[in-house]
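Colleague:
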Amino acid sequence: MLNYDFDWSVLWREPYGRMFVDGIRTTVCLSLASWTIAVLIGLFIAVCRMAPSRTARLLGTAYVEIFRNVPLLVQIFFWYFAVPSLLPRDMELWLYRRVTNLAACAGAVSLAVYTASRVAEVFRSGLLAVPQGQYRAAFSTGLSRAAAYRHVILPYAFRISLPLLTTEFLTCFKNSALTMTIGVMEATGMANYIDSFTFHGLETTTAASFVYLGTSAAVILAMTCIEKKMRIPGMIRRKA
Amino acid sequence: MLLGRCFRWSLWVLAWTCFFGMMETARGESALDRIEKTGRVNIGHREGAVPFGYIAEKGEWVGFDMDLGAELVKALETRFGKKIEYVKVPMNPKNRIPLVANKTIDTGIGSTTITLEREEAVDFSLPYFLTGTKLLVPKGSPIRSYPDLSGKKVGVGSGSSANIKGLRKAMDSGLIDPPCEMVLFEDHTKGFLGLQQGKIDAYFTDEAMLAGMRAKAQKPEEWEIVGGFLTYEPYGFILPKDDSKWRDFVNATLIRMFKDGSFEKIYDKWFGPGGQLVLPMTEEYRIMLKVLSFPD
Amino acid sequence: MADHVILKNLQFMLGGLALTFELAVIALAGGLLWGTILGMGRLSSIRWIYLATSIYVHFFRSQPLILVIFWFYFLVPILVGKPLGAFASAIIAFVLFEAAYFAEIVRGGVQSVPGGQVLAARASGLSYFQVQRHVVLPQALRNMVPALATQSVVLFQDTSLAYVIGLREFLRRVNLVDSREVRSVELYLFAAAVYFIFCFGWSLANRRLERNRGGNSC
Chain A
26 MLNYDFDWSV
36 LWREPYGRMF
46 VDGIRTTVCL
56 SLASWTIAVL
66 IGLFIAVCRM
76 APSRTARLLG
86 TAYVEIFRNV
96 PLLVQIFFWY
106 FAVPSLLPRD
116 MELWLYRRVT
126 NLAACAGAVS
136 LAVYTASRVA
146 EVFRSGLLAV
156 PQGQYRAAFS
166 TGLSRAAAYR
176 HVILPYAFRI
186 SLPLLTTEFL
196 TCFKNSALTM
206 TIGVMEATGM
216 ANYIDSFTFH
226 GLETTTAASF
236 VYLGTSAAVI
246 LAMTCIEKKM
256 RIPGMIRRKA
Chain B
81 MLLGRCFRWS
91 LWVLAWTCFF
101 GMMETARGES
111 ALDRIEKTGR
121 VNIGHREGAV
131 PFGYIAEKGE
141 WVGFDMDLGA
151 ELVKALETRF
161 GKKIEYVKVP
171 MNPKNRIPLV
181 ANKTIDTGIG
191 STTITLEREE
201 AVDFSLPYFL
211 TGTKLLVPKG
221 SPIRSYPDLS
231 GKKVGVGSGS
241 SANIKGLRKA
251 MDSGLIDPPC
261 EMVLFEDHTK
271 GFLGLQQGKI
281 DAYFTDEAML
291 AGMRAKAQKP
301 EEWEIVGGFL
311 TYEPYGFILP
321 KDDSKWRDFV
331 NATLIRMFKD
341 GSFEKIYDKW
351 FGPGGQLVLP
361 MTEEYRIMLK
371 VLSFPD
Chain C
13 MADHVILKNL
23 QFMLGGLALT
33 FELAVIALAG
43 GLLWGTILGM
53 GRLSSIRWIY
63 LATSIYVHFF
73 RSQPLILVIF
83 WFYFLVPILV
93 GKPLGAFASA
103 IIAFVLFEAA
113 YFAEIVRGGV
123 QSVPGGQVLA
133 ARASGLSYFQ
143 VQRHVVLPQA
153 LRNMVPALAT
163 QSVVLFQDTS
173 LAYVIGLREF
183 LRRVNLVDSR
193 EVRSVELYLF
203 AAAVYFIFCF
213 GWSLANRRLE
223 RNRGGNSC
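So this is what it looks like as structure tokens:
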């Protein structure tokens, strides 16, 4: 009845098996790299938005609003096609000549910058949820602003934000698939690429779907355990 | 309980819709019959392949392939004696085979090389175009031929599996040694964009495509096509697998066009003097067309 | 010069916005409808309904949208033996995908209504249906508005993914122009600005609405 010959061996047959594993590895590396950068930028922006300085608050808000309100795909195209030509010509040529995987780098940067705007919001709500008493207590013990944030407020906010951070990480993981539009061969792109040689897209795409499903499930399971440990006593638990 | 009931109802409706949707699908129906029944034919064309199919200045979609499509529609109208709607569907090197295989389009006319590998998933019409692969480089580039590519970045269309295989074979056979870095692009126009920005040192694909990319450049004289044919690339219409009724009709239309000169007229419109790009028919191409001009 | 390349192609590019909005509106309506049903299913006390909807929601939330679009454009037609076409497959993918997110919003909204409200309403003699209609849903809806507004901005941005299957919406047209003109900086900044205006304007409007209604005060 089905006019299609399934051939699952494309998933492990050489050279496609290795290509697919490469694709999964690219997805993982890409999302981990952008996630790390995103958390750092996001943290910085969130603190900016809570700062007493008006300029810092304004810049923080502008960052979040701009990067959150432009589709990721547009940002990816912008970083890949437009940004290099904004650089001085020498630097642009250096980028093109020396950097292998320019597309992956552009993809990682755009993903990081975009994710950072969302992470910043998560951290900010985390910071807002830290009870006022904690701030006052920290300052009254004579800690400087930086020290108070470093030792009291941020760890507290981080623990509150943990569940939402998990969600954001998974969003980042899934969004990495968009980099296939600029030729990055991550899992989705690779599923497509193998299809153009073997015409067995159904198998490769199914496998890609399971990769995303499996990763999400694994991350959620692991994080649920960690969240349980990191939970702040007395705070309401997240409903599963 | 109300929520549950609502939910159960909607599930039922969904299930039945799916079921009937599947039932309605007629299996083994020829595309030709479907075209007659629906009065419309879906033809896939390229958006970024000058002059085969591309978006012109005002945003209109034109090209050599589209003129061939129009001829095919005309033949369909004569056959069925009624108006047939010509639905143009965008396709790119990456999705063209799946789109025909899943019947989104009845045929794909878009500078597609006939390969044995693709024959496993779809069928092809007789070849209607013959070209070969070459390199596009900036004028004065040190790259003159394939061996010069070693260690350089070379752009290729990510769905142009014939091109990718050709280049890889050249690397494996030691023609390009040490190998070059292959940079993949979604479409040839994106590749040319990369070449113009300096992201890659050369772009590798069929000469007819390269000539089109060059012709559409802001300063065509800054680019040149180098190297000999690495491979021959005969183009055919992509057709659904095992639909000989439809394939015979398409082939008959092509043969008629080869014989009555209308094919050459369209060729001259795009590739002749004064066309979008000048690419005289090679001797091999002429012979191919002559061989394919089967008697009635 | 910069405005030249944009002005020259303005009509062509903005022409794509019509399709972008069409996609967004249909996806929003369909996604909300299907999402509400799923959300109700997630609250159901009937075990298999709860399980089925939970699996659905978790599955779709684990998938990248681009992959879902590929499924419906390339693969489902092979399985079903019937082509869907670019527009239909994009719509189906959007609706099925976004519904998983709307479902969670709806579920959260309904759960945010204190149980005492239902008990009080029931005690005053209202039927189950009346309780839902007059007590639970209005309050749930009100609690859901901020989340719905955020999600609709995400959805509007998501329509740009229709680009990958060749639908000539706004972003695809910008891309096509760029391939011809090689003016990436101006063109993508322009695209970003257009999306920004719509998304930011929409969220501003919602925030104001929220404030006027005296919703969350923080």
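Residue numbers (my numbering), protein chains in the order written: chain A, 26 to 265; chain B, 81 to 376; chain C, 13 to 230.
Don't be surprised by glycine CBs; every beta carbon is placed ideally from N, CA and C.
#1: Label Thr80/A either buried or exposed according to how many other C-beta atoms from any shown protein chain fall within 10 Å of its C-beta, with 16 as the threshold for buried.
#2: Excluding the five sequence neighbours on either side, which residues of its own chain have a C-beta within less than 8 Å of the C-beta of Ala162/A, listed in chain order?
#3: Identify which residue in Tyr208/B, Thr192/B and Glu344/B has its Cα closest to the Cα of Glu202/B.
#4: Go through its chain and collect everything with a Cβ distance to Met75/A's Cβ below 6 Å, but skip five positions before and after it.
#5: With DSSP collapsed to three states, give me the class of Ser142/A.
#6: Return the residues of the stretch 71-84 of chain C that lie within a Cβ-Cβ distance of less than 8 Å from chain A, sorted by chain order.
#7: In this structure, how does DSSP classify Phe284/B when only helix, strand and coil are distinguished?
#8: Which residues, taken in chain order from the stretch 119-147 of chain C, show a beta carbon closer than 7 Å to some beta carbon of chain A?
#9: Should Phe168/C be labelled buried (16 or more other beta-carbon atoms within 10 Å of its own) or exposed?
#10: Kindly indicate the opening and closing residues of the alpha helix (DSSP H) around Trp303/B.
#11: Can you list, in chain order, the residues of its chain whose CB lies under 7 Å from that of Arg119/C, leaving out five sequence neighbours each side?
#12: Chain B beta carbons: is any one of them nearer than 7 Å to that of Ser18/A?
#13: To the nearest angstrom, how far is the alpha carbon of Val306/B from that of Phe284/B?
#14: Indicate the three-state DSSP secondary structure (helix, strand or coil) for Tyr29/A in the structure shown.
#15: With a threshold of 6 Å, establish whether the CB of Phe160/B neighbours any heavy atom of the ligand HEM.
#16: By the three-class DSSP mapping on this structure, what secondary structure does Ser229/C have?
#17: Using a beta-carbon distance cut-off of less than 9 Å, what residues from the stretch 177-202 of chain B approach chain A?
#18: Just checking, does the stretch 310-321 of chain B make contact with the stretch 240-250 of chain B on the three C-beta pairs under 8 Å criterion?
#19: So, using beta-carbon positions, are Ala105/C and Phe86/C closer together than 7 Å?
#20: Starting from Leu173/C, trace the beta strand (DSSP E) both ways and give me its first and last residue.
#21: Per DSSP, Gly120/B forms a beta bridge with which residues?
#22: Could you check whether the Cβ of Phe208/C sits closer than 7 Å to any Cβ belonging to chain A?
#23: Could you work out which residues of chain B lie near Thr51/A, taking near to mean beta carbons separated by less than 7 Å?
#24: Short of 6 Å in beta carbon distance, which residues of its chain neighbour Ile62/A, apart from the five on each side in sequence? Order them along the chain.
#25: Just to confirm, are Arg114/B and Glu165/B a CB contact at a threshold of 7 Å?
#26: In this structure, what does DSSP give as the bridge partners for Glu261/B?
#27: Would you kindly work out how many angstroms separate the C-alpha atoms of Pro95/C and Asp323/B, rounded to a whole number?
#28: Excluding the 5 residues flanking Ala154/A on each side, which residues of the same chain have their C-beta closer than 6 Å to its C-beta?
#29: At a CB-CB cut-off below 7 Å, which residues of chain B make contact with Ile38/C?
#30: State buried or exposed for Glu104/B, treating a residue as buried only when at least 16 other CB atoms are found within 10 Å of its CB.
#31: Whose Cβ in chain B lies nearer than 9 Å to the Cβ of Ile103/C?
#32: So with Cβ pairs under 7 Å, would you call Phe103/A a contact of chain C?
#33: What residues are listed by DSSP as bridge partners for Ile135/B?
#34: Taking only beta-carbon atoms, is Leu273/B less than 7 Å away from chain C?
#35: Please look up how many angstroms separate the CB atoms of Tyr237/A and Leu79/C, rounded, as I've assumed it's under 8 Å.
#36: Does the stretch 287-307 of chain B touch the stretch 206-213 of chain B, meaning 3 or more C-beta pairs lie closer than 8 Å?
Modeller: For this structure:
#1: exposed
#2: Val177
#3: Contrary to the premise, residue 202/B reads as Val rather than Glu in this sequence. If we check each option's Cα against that of Val202/B, Thr192/B comes out closest.
#4: Leu152
#5: helix
#6: Phe71, Arg73, Ser74, Gln75, Pro76, Leu77, Ile78, Leu79, Phe82 and Trp83
#7: strand
#8: none
#9: buried
#10: That residue, Trp303/B, is in no alpha helix (DSSP H); its beta strand (DSSP E) goes Trp303 to Val306.
#11: Gly51, Arg54 and Leu55
#12: The question about residue 18/A has no answer, for chain A in this structure spans 26 to 265.
#13: 10 Å
#14: coil
#15: Absent from the structure shown: the ligand HEM. Ligands present: none.
#16: Note that Ser229/C scores a pLDDT of 41, beneath 50, so its modelled location is shaky; the value from the coordinates is reported in the next line. Of the three classes helix, strand and coil, the one that applies to Ser229/C here is coil, per DSSP.
#17: Ile177, Pro178, Ala181, Glu197, Arg198, Glu200, Ala201 and Val202
#18: yes
#19: no
#20: Taken as a continuous stretch (DSSP letters only), Leu173/C belongs to no beta strand (DSSP E), as it is neither H nor E.
#21: According to the sequence provided, residue 120/B is Arg. The question's Gly does not apply to it. Answer by DSSP bridge pairing, in chain order: Glu165/B.
#22: yes
#23: Correct list: empty, because the minimum Cβ distance to chain B is about 13 Å.
#24: Ala137
#25: no
#26: Lys233/B
#27: 16 Å
#28: Ile185
#29: Correct list: empty, because the minimum Cβ distance to chain B is about 17 Å.
#30: Bear in mind that a pLDDT of 46 at Glu104/B, under 50, signals an unreliable position, so the number given afterwards is only what the model happens to contain. Glu104/B is exposed by the Cβ-count criterion.
#31: The contacting residues do not exist; Ile103/C stays about 15 Å from chain B at best.
#32: yes
#33: Trp141/B
#34: yes
#35: 7 Å
#36: yes
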